[in-house]
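Protein chains: 8
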Amino acid sequence: MLGAPYANAFVFPAPARKLLSRLRAMTIRLHRGDLPDDANLGDCVAIDTETLGLVPHRDRLCVVQLSRGDGTADVVQIAAGQSRAPNIERLLADPSVLKLFHFARFDIAVLFRAFGVMAGPIYCTKIASKLARTYTDRHGLKDLVRELLGHEISKQQQSSDWGSDSLSEAQLAYAASDVLYLHALRTRLDAMLKREGRFEIAQECFGFLPARARLDLMGWAEADIFSHQ
Amino acid sequence: MLGAPYANAFVFPAPARKLLSRLRAMTIRLHRGDLPDDANLGDCVAIDTETLGLVPHRDRLCVVQLSRGDGTADVVQIAAGQSRAPNIERLLADPSVLKLFHFARFDIAVLFRAFGVMAGPIYCTKIASKLARTYTDRHGLKDLVRELLGHEISKQQQSSDWGSDSLSEAQLAYAASDVLYLHALRTRLDAMLKREGRFEIAQECFGFLPARARLDLMGWAEADIFSHQ
Amino acid sequence: MLGAPYANAFVFPAPARKLLSRLRAMTIRLHRGDLPDDANLGDCVAIDTETLGLVPHRDRLCVVQLSRGDGTADVVQIAAGQSRAPNIERLLADPSVLKLFHFARFDIAVLFRAFGVMAGPIYCTKIASKLARTYTDRHGLKDLVRELLGHEISKQQQSSDWGSDSLSEAQLAYAASDVLYLHALRTRLDAMLKREGRFEIAQECFGFLPARARLDLMGWAEADIFSHQ
Amino acid sequence: MLGAPYANAFVFPAPARKLLSRLRAMTIRLHRGDLPDDANLGDCVAIDTETLGLVPHRDRLCVVQLSRGDGTADVVQIAAGQSRAPNIERLLADPSVLKLFHFARFDIAVLFRAFGVMAGPIYCTKIASKLARTYTDRHGLKDLVRELLGHEISKQQQSSDWGSDSLSEAQLAYAASDVLYLHALRTRLDAMLKREGRFEIAQECFGFLPARARLDLMGWAEADIFSHQ
Amino acid sequence: MLGAPYANAFVFPAPARKLLSRLRAMTIRLHRGDLPDDANLGDCVAIDTETLGLVPHRDRLCVVQLSRGDGTADVVQIAAGQSRAPNIERLLADPSVLKLFHFARFDIAVLFRAFGVMAGPIYCTKIASKLARTYTDRHGLKDLVRELLGHEISKQQQSSDWGSDSLSEAQLAYAASDVLYLHALRTRLDAMLKREGRFEIAQECFGFLPARARLDLMGWAEADIFSHQ
Amino acid sequence: MLGAPYANAFVFPAPARKLLSRLRAMTIRLHRGDLPDDANLGDCVAIDTETLGLVPHRDRLCVVQLSRGDGTADVVQIAAGQSRAPNIERLLADPSVLKLFHFARFDIAVLFRAFGVMAGPIYCTKIASKLARTYTDRHGLKDLVRELLGHEISKQQQSSDWGSDSLSEAQLAYAASDVLYLHALRTRLDAMLKREGRFEIAQECFGFLPARARLDLMGWAEADIFSHQ
Amino acid sequence: MLGAPYANAFVFPAPARKLLSRLRAMTIRLHRGDLPDDANLGDCVAIDTETLGLVPHRDRLCVVQLSRGDGTADVVQIAAGQSRAPNIERLLADPSVLKLFHFARFDIAVLFRAFGVMAGPIYCTKIASKLARTYTDRHGLKDLVRELLGHEISKQQQSSDWGSDSLSEAQLAYAASDVLYLHALRTRLDAMLKREGRFEIAQECFGFLPARARLDLMGWAEADIFSHQ
Amino acid sequence: MLGAPYANAFVFPAPARKLLSRLRAMTIRLHRGDLPDDANLGDCVAIDTETLGLVPHRDRLCVVQLSRGDGTADVVQIAAGQSRAPNIERLLADPSVLKLFHFARFDIAVLFRAFGVMAGPIYCTKIASKLARTYTDRHGLKDLVRELLGHEISKQQQSSDWGSDSLSEAQLAYAASDVLYLHALRTRLDAMLKREGRFEIAQECFGFLPARARLDLMGWAEADIFSHQ
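Structure representation (structure tokens):
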């Protein structure tokens, strides 16, 4: 359902077809260029991005997905050449809003390159999982959601043309699914981190993420700057 | 020459033989167990360690070398089983003294494991070199000293029995040589980092080193915690 | 249905069995040795070849498939030892006819070796895909047809005995399927290339393909002639 | 000796020391920012560049070396942030001047990134060597100069700080040595290419170099765009 | 069914759901901290352990499973920080009780690290399989149980959070399944080892396992101490 | 059905169960120690062997399967320690009987080691396939039977305990299936070899197989004796 | 010294310079196109070839060196495009003359491709060394000559331009040195092969060499046709 | 000097030439077939072997070297086909004589294969070095002798023809040098092992060596039987 603050947004109809069945009655708000001015995403927002590929200097930002953790998602299409998105920028920079990502390193670099704003403070579910789930080496979002939340999410649209002017329903559903579970994952991962006494080291790792992303953009993407090599 | 504060220290005789010729009249003060109480190493001290190997849970700390950058070195032998060295600990923890290392990650982990003190603040010439000397992938101490300072240092004793009760002259000369050049390297590297606008990112990397060392000791030594894998 | 210009050609019956069901009522014209004299393939023809393998000096050309993009295909069997096919040669050399291939490098080398004619001008859907679809590293024909056209094509007969005197129905259907989609793919890929400003660089790459194929035949097949090695 | 057209250039003194002995009485003209307006480099100029490293988006152009093949070299220092060098730009773009490089792909990308001008026409001694000298896989400049010209050149300064404000004599001598032999190499390589019937394919490869360099800058540096992968 | 000696133990209900169907009416006794005092596991006990991961110095012991080979299993949860379990310790050290493991090397190291007791005497079904089943390189427990006993066991819960305070039914069923088959496997493997004259060499390998586990804990986990390297 | 010459042989009942359904009414004659004296396998016999593994000096011969190409198979169990089998030996050495194998190199080495007789003359369907089927790199028996004969054979029992005193029905069916198709494969492969002018080179390769097997047994199993290394 | 039968041959002067000193007073007869009609090379001739590289379909034969084992060598330059050399062809095909090569596989393929004659009978010192000298994996000609004959030969000219019209003295000396030692090596290797009972298997390997060379030319150069892959 | 018990042994003359200079006045006693009956090698004997290579089933034992640690060596040539050497066998089996080897695993397997006697008790300087010298990964005999004893030994003759009927002086000197230092190395390594608390684990490793060698001969030479794979 489309809430008042998003009057001019396209509301993605509750999926009826088989492909989308697992996203039951999910509400997706689609925007072009930026979040609406009156969007209220709370003090802890899950964020993910879709780009044209993994090479930062080549593959532009196409979509930013956000969720306040209430089962709804805002999907913002970014135009080719667009270099400002004031509402998103304000949110990224807001020190009172925690930004949840899965593999934040990539997303915050992409967002910094697109809009010149370094996100913070940050929580990264991939790093949290590496520190908490020592019993496995599978730390993909799909793995986390399956084991910790008991859901199956599809990654089939991950490699698709996010630069297309009109995204397909499957793309929208996929994009949204990447931010709908991060709040719940954080709750589970924090409990494990605390149980094993690794909560503080996780915070220190999160704290270095902006520097790590800056190194990526500056030309050290391939290097583990801390390695002996 | 043996200075007053180190009255009970063994002074390594100025090397006469060919092997040691390049360390001309170098003054090395040898201590057992700790620095003397009245040691004064200034506000910027170069530190290196020698261990029985590279496996932290197995290979104990044997030697700590320190230099205030005046061409002299203090070499402290650490006994097997020793878990305290108050003067060294105080120095490591002193927030007003910058600690210079080459590949600090290893040394601060070793020192933390030996004495329970995490060193700080830190400057690492290997990281500085990776950020400043983009024109090469050789960031060993020997490489830095050769290119930036025009000296040749020998690494021949690097793999020797540092747990031996009495170190050879060659070992002492080698141990000292690892701390004698760090101040000069820092000067050169800082100039390059500033020239290329990378001084700040270097500081951020140095700042994460204690967390990186803690990850090593906690069991993530093999992992780049920030990698996608 | 068999059109008039192909009076002496064998017409492959519309497939009835399950295996071929996805090629609904596809018209395949089978020829021996060359295209018929009155074949008219338009100004943009999709071409593919089947050989006895991937070693140019060993594995001879067996089949040339062509389509004008109207959903029908001409499949020409080439006899062992055959070194001329005047109608095909004329088509390959005709500067007013664009030749579409998927991985043209291989096919134009095979055709040049068989008939001594270098094809041109050329469009290669694999190169176009590498430049346009930066969000994936899957650039096989099957991948392109699935994502961009929503069809599934089978590659099961790819490795089969194309030197056999009588090709099976499955082989014919497979051979045809490799040229039926290239026109539609080109349309989609050109739109993406233009959207991202990569249309010109794609043309430059197509332009080098004859030289690249000649290098393959001259003995540099393994080398990237432009690499630093 | 310093010729009239270069009145304001620093003339590097004929090297006296052992290190430089093999560059007998070589004349090197050092310039800052651009070639002098009245420089005359003939219709065939050897060009090489020195940068801060091999990552185009990170490592800036520091030095451009040029030689008209008369045993003298012009060495131009490029300042950090400099984005124009009108005389060099004019030379690069001049269709009547052949530009000789060793591994042109890198240099023309660097120059294009620095000044926005794509060099042409081009001759690349590395590609020529790969096509002519099939009896070896050593196609470094040092290898070519040794085998074809009987000289030994040193590559010791290759990895040094070319961003330094004042280059050392060793750096200048090294920089110059990279352009002094290209004319002679071209003569030898062209003779071999013609003898083996590979002169035309070499021209075709040279012709694709601007596109190859553009692909590097656009984000396909790692890919052989023509490979099957 | 819950036997008298285990009055205060939780009895896992006979699984009704599909997931657990293959463990028909299996009896699992769940304990916290240690075996009950009156547990009687016979003179040949199958043992397996679950930990938080594979890094001994990081990943603590969470569960010890034991079976006397009668189709029932005792599952003992070990608390974080727990360093004693007298009944388990007594069993491990009892020279009159043969301990069966699959890949004993890992389990006896984990148990030694947790409780300071080296298990013995030992039988390892993985080593027995390597010596007896030369016709395959698949020596996982699942492979052995399938081929030699005709059962299928699931490894799906292998990588799950064994440190959780309350284990799921699926975890309990998995944990138990790892000890229920070892007695039967030993019978089959011993017959094969004797048939091929390899029973004695197997005993010698079992005899070295405590030393091998000690090497792992001492810091040689990565090394084959007997290799030439 | 059991023919007269094999009066004392066990006749494997025509398989009724699903697993064996594809071997319709196949006749398998099981023997212990040798072929019966009056066995008549014609002038072209397909042979396969089963062993305890792939290490010749360790893993003994367990089973020899033979077929005259009439859809029936003789399966001979070889006892541990057995070193003679006169009827098999006579057959292997008979110069008037062609022996068909798939990957003869392994089988003739195993048979030579077991009985001291080098088989000859030999036809190897794997080598024939490598020379004829250049369009694929899949030359397993299963692949050949599928593509050239349109049957599916199972390899599931390939890694099973062939040293067992009583073989299972599944093992017998599998063992037989490895010799039932070799005659038909030879017919198909010979046609292809002749069509492509490779029949003679195939014969030369077959001729070297005894030497190749002898090299394996003499200690050069890992080496390609003809390689440059 | 120039013997009568070679009246029109160029006689290479006894080397005076340091480079050639180890070839003391070696007599080298240089010919163009073929051996002289009256050349008498005995019943056992050492042969080596020089080409433009290692790709048979690309890199033509340039030089054939021959020696009858008397310390002199005939060096025959082969012109580009030359396809006949009657005297060499007669020698290659003469069944009464044993041809000695080091790594015959390459040379006989090159000679067959150049002149259409397959050499035979053949002796290959590399294969003999692999079978006799099991104590090493160094089977280069240089290694054999050093260990078995106590001489050092230079391989420096191995990679040089053998297609040049006029070969340098260093090239001629190198070319000759490759055939001067083969007779002596054969004597030593045969003694070792006989001592260890490997003389017969060596003959069998030599016998397969023409087939192996034919496989190389037919397109199986990369494959070990006898491997399981 | 030749001692009385070795009256019929050849005494190797004190080396005069440069090559052997470092074995000053070393006494080597050469024997054929076995040690003399009255040889007295004390209760701790260093042993090494030379073979025709590293493949046990192919490469026979040629030489056994022994030393009682007094700077002299007995070198025993073993004939091809020899399967008994009573005095050596008695020594190997004598439980009161400790046998020192460097990489015992290989030598005791070779000796067991040659004479059917498993050596014991054993001390292996390579294993002792791996456990004591954790600061390096260089555990070759040459490395040990250099670091711990300050001598340089040559390995140049390591790969030579030990099956030759008459060994060269260089071979004899090399063979002897491999046993002359083992006593001194043991003293140094034992001191280090005790200092670090690793003496007992070393004994346990030595104790498994006969089983490890037996595994090698039985066909598990490639496998680390204790690995998880």
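Heads up: the sequence lines are chains A, B, C, D, E, F, G and H, in that order.
Going by my numbering, the first residue of the first sequence is number 230, and it counts up by one from there.
Going by my numbering, the first residue of the second sequence is number 230, and it counts up by one from there.
Going by my numbering, the first residue of the third sequence is number 230, and it counts up by one from there.
Going by my numbering, the first residue of the fourth sequence is number 230, and it counts up by one from there.
Going by my numbering, the first residue of the fifth sequence is number 230, and it counts up by one from there.
Going by my numbering, the first residue of the sixth sequence is number 230, and it counts up by one from there.
Going by my numbering, the first residue of the seventh sequence is number 230, and it counts up by one from there.
Going by my numbering, the first residue of the eighth sequence is number 230, and it counts up by one from there.
No residue lacks a Cβ here, since even glycine has one placed at the ideal position from N, Cα and C.
All values reported here derive from a predicted model rather than from experimental measurement.
Requested in this report: Could you list which residues in chain E have their beta carbon closer than 7 Å to that of Arg-287(B), in chain order?
Outcome: Working through the second sequence from its first residue, we reach residue 287(B) at position 58. Against Arg-287(B), the close residues of chain E are Met-447 and Gly-448, in the order they occur along the chain (beta-carbon pairs closer than 7 Å).
**Report entry** Beta-carbon separation (whole angstroms), Leu-311(E) vs Gly-262(E), contact threshold 8 Å
**Finding:** Stepping through the fifth sequence from its first residue, residue 311(E) is reached at position 82. Stepping through the fifth sequence from its first residue, residue 262(E) is reached at position 33. With the sequence shown as reference, residue 311(E) is identified as Gln, and Leu is not the correct amino acid for it. Contact between Gln-311(E) and Gly-262(E) holds: CB atoms are separated by about 6 Å, below the 8 Å threshold.
Report task. Could you check what DSSP says for Glu-376(G) in three-state terms: helix, strand or coil? Result -> By one-based count along the seventh sequence, residue 376(G) stands at place 147. When DSSP states are grouped into helix, strand and coil, Glu-376(G) belongs to the helix group.
Query raised in the report: Nearest to Arg-443(B) by alpha carbon, out of Glu-279(A), Gly-392(A), Gly-426(A) and Ala-442(A)?
Result: The residue you call residue 443(B) lines up with position 214 of the second sequence. Of Glu-279(A), Gly-392(A), Gly-426(A) and Ala-442(A), the residue nearest in Cα terms is Gly-426(A).
**Report entry** Cβ pair Met-347(C), Ile-337(C) closer than 8 Å
**Finding:** To locate residue 347(C), count along the third sequence from 1; it is residue 118. To locate residue 337(C), count along the third sequence from 1; it is residue 108. A contact, by the Cβ cut-off of 8 Å.
Query raised in the report: Exposed or buried, Pro-285(F), counting other C-beta atoms within 10 Å across all chains shown (16 or more means buried)?
Result: Within the sixth sequence, the letter at position 56 stands for residue 285(F). Pro-285(F) should be labelled buried.
Report task. Measure the alpha-carbon distance for Ser-250(F) versus Leu-370(F) and round it to whole angstroms. Result -> Counting from one through the sixth sequence, the residue named residue 250(F) turns up at place 21. Counting from one through the sixth sequence, the residue named residue 370(F) turns up at place 141. Any reading at Ser-250(F) needs caution, since the residue's pLDDT is 47, under 50, leaving its predicted position unreliable; the model's value is listed next. When only Cα atoms are considered, Ser-250(F) and Leu-370(F) end up about 19 Å apart.
**Report entry** Inter-residue CB distance, Leu-422(B) and Ala-361(B) (contact presumed, cutoff 8 Å)
**Finding:** Within the second sequence, numbered from 1, the residue matching residue 422(B) stands at position 193. Within the second sequence, numbered from 1, the residue matching residue 361(B) stands at position 132. By a beta-carbon distance limit of 8 Å, Leu-422(B) contacts Ala-361(B). Their separation comes to about 5 Å.
Report task. Starting from the N-terminal side, write out each stretch of the beta strand (DSSP E) that is 3 residues or longer and does not extend beyond the segment 305-391 of chain A. Result -> Complete beta strand (DSSP E) runs here, min 3: 327-330 and 351-353.
Query raised in the report: By Cβ distance below 7 Å, which residues in the same chain neighbour Arg-342(D) in space, the five residues on each side in sequence not counted?
Result: Against the fourth sequence, residue 342(D) aligns to sequence position 113. Once the five neighbours on either side are set aside, the close Cβ partners of Arg-342(D) are Pro-285 and Leu-446.
Query raised in the report: From the beta carbon of Leu-418(A), is the nearest beta carbon of chain E less than 8 Å away?
Result: For the purposes of this step, residue 418(A) is taken as residue 189 along the first sequence, with counting starting at 1. Output row for Leu-418(A): interface = no.
**Report entry** Span of the alpha helix (DSSP H) around Ala-431(D)
**Finding:** What you label residue 431(D) is simply residue 202 of the fourth sequence in a count that begins at 1. Unbroken alpha helix (DSSP H) run through Ala-431(D): 428-444.
Query raised in the report: So, is the C-beta of Asp-266(A) closer than 8 Å to a C-beta in chain C?
Result: To locate residue 266(A), count along the first sequence from 1; it is residue 37. Answer no: the Cβ-Cβ gap between Asp-266(A) and chain C never drops below 8 Å.
Query raised in the report: Excluding sequence positions up to five away, which residues of its chain have a Cβ less than 6 Å from the Cβ of Trp-391(E)?
Result: Start at 1 with the first residue of the fifth sequence, and residue 391(E) comes out as number 162. Contacts found: Glu-279, Cys-291 and Val-292.
Query raised in the report: Between the segment 293-308 of chain E and the segment 388-407 of chain E, do three or more beta carbon pairs fall short of 8 Å?
Result: The segment 293-308 of chain E, when compared against the segment 388-407 of chain E, does touch it at the 8 Å Cβ threshold.
Requested in this report: To the nearest angstrom, report how far apart Phe-437(B) and Glu-433(A) are at their CA atoms.
Outcome: In the second sequence, the residue the question calls residue 437(B) occupies position 208. In the first sequence, the residue the question calls residue 433(A) occupies position 204. Near 8 Å, if we compare the C-alpha coordinates of Glu-433(A) and Phe-437(B).
Query raised in the report: Can you tell me the Cα-Cα spacing of Val-408(D) and Arg-287(G), whole angstroms?
Result: Position 179 of the fourth sequence holds residue 408(D). Position 58 of the seventh sequence holds residue 287(G). Whole-angstrom Cα-Cα distance: 32 Å.
Query raised in the report: List, in order along the chain, the chain G residues whose C-beta lies closer than 7 Å to that of Pro-284(C)?
Result: Position 55 of the third sequence holds residue 284(C). Just to set this straight, residue 284(C) is Val in the shown sequence, not Pro. Here the neighbours are Gly-448.
Report task. Leaving out five residues on either side along the sequence, give the residues of the same chain with a beta carbon under 8 Å from the beta carbon of Phe-220(D). Result -> Outside the displayed span of chain D (230 to 458) sits residue 220(D), for which this structure offers no information.
**Report entry** Proximal residues to Leu-327(H) (C-beta, below 8 Å), its chain only, five neighbours per side dropped
**Finding:** One-based indexing of the eighth sequence puts residue 327(H) at position 98. Here the set comprises Asp-272, Cys-273, Val-274, Pro-350, Ile-351 and Tyr-352.
Query raised in the report: Since Phe-330(C) and Ile-257(C) are thought to touch, with beta carbons under 8 Å apart, how far apart are those beta carbons, to the nearest angstrom?
Result: Position 101 of the third sequence, counting from 1, holds the residue named residue 330(C). Position 28 of the third sequence, counting from 1, holds the residue named residue 257(C). With 8 Å as the limit, Phe-330(C) and Ile-257(C) do not qualify as a contact, their Cβ atoms being about 19 Å apart.
Requested in this report: Taking C-beta pairs closer than 7 Å, name the residues in chain E that Leu-281(F) reaches, listed in chain order.
Outcome: Position 52 of the sixth sequence, counted from the first residue, corresponds to residue 281(F). By Cβ distance, chain E contributes Thr-363 and Tyr-364.
Query raised in the report: Got a sec: which bits of the segment 347-361 of chain D sit with their beta carbon under 7 Å from any beta carbon on chain C, in order along the chain?
Result: Under the 7 Å Cβ criterion, the segment 347-361 of chain D contributes Ile-356 and Lys-359.
Query raised in the report: Do Asn-316(E) and Leu-377(E) have their C-beta atoms closer together than 8 Å?
Result: Against the fifth sequence, residue 316(E) aligns to sequence position 87. Against the fifth sequence, residue 377(E) aligns to sequence position 148. Not a contact, by the Cβ cut-off of 8 Å.
Report task. Give the residues from the segment 378-403 of chain C that approach chain F closer than 9 Å (Cβ to any Cβ), ordered along the chain. Result -> Cβ contacts with chain F come from Gln-387, Ser-388, Ser-389, Asp-390, Trp-391, Gly-392, Ser-393 and Asp-394.
Query raised in the report: What in chain B is Cβ-close to Phe-332(A), meaning under 9 Å?
Result: Locating residue 332(A) in the first sequence gives position 103, counting from the first residue. Scanning chain B for C-beta atoms nearer than 9 Å to the C-beta of Phe-332(A) yields His-457, reported in chain order.
Report task. Return the bridge partner residues of Cys-273(B) from the DSSP annotation. Result -> The residue given as residue 273(B) occupies position 44 in the second sequence. Cys-273(B) is bridged to Leu-327(B).
Query raised in the report: Considering only residues of the same chain and omitting the five flanking positions on each side of Val-339(E), which have a CB-CB separation below 8 Å?
Result: Sequence index remark: in the fifth sequence, residue 339(E) carries index 110 (1-based). Around Val-339(E): Thr-278, Thr-280, Pro-285 and Leu-290.
**Report entry** Beta-carbon contacts of Gln-386(A) that lie in its chain and below 6 Å, excluding the five residues immediately before and after
**Finding:** The residue labelled residue 386(A) in the question sits at position 157 within the first sequence. Setting aside the 5 residues that flank it on each side, Gln-386(A) is surrounded in the same chain by Ala-399, Gln-400 and Tyr-403, each with a C-beta closer than 6 Å to its C-beta; the list follows chain order.
Query raised in the report: Within the 8 Å Cβ cut-off, does Ala-440(A) reach chain B?
Result: On the first sequence, residue 440(A) is found 211 positions in, with the first residue counted as 1. Interface with chain B (8 Å Cβ-Cβ cutoff): Ala-440(A) is included.
Query raised in the report: Going by the CB atoms, is the gap between Leu-418(D) and Gly-358(D) shorter than 8 Å?
Result: As a working note, residue 358(D) is residue 129 in the fourth sequence. As a working note, residue 418(D) is residue 189 in the fourth sequence. It is worth fixing the name first, because residue 358(D) is Ser in this sequence and not Gly. For Ser-358(D) and Leu-418(D), yes; Cβs fall inside 8 Å.
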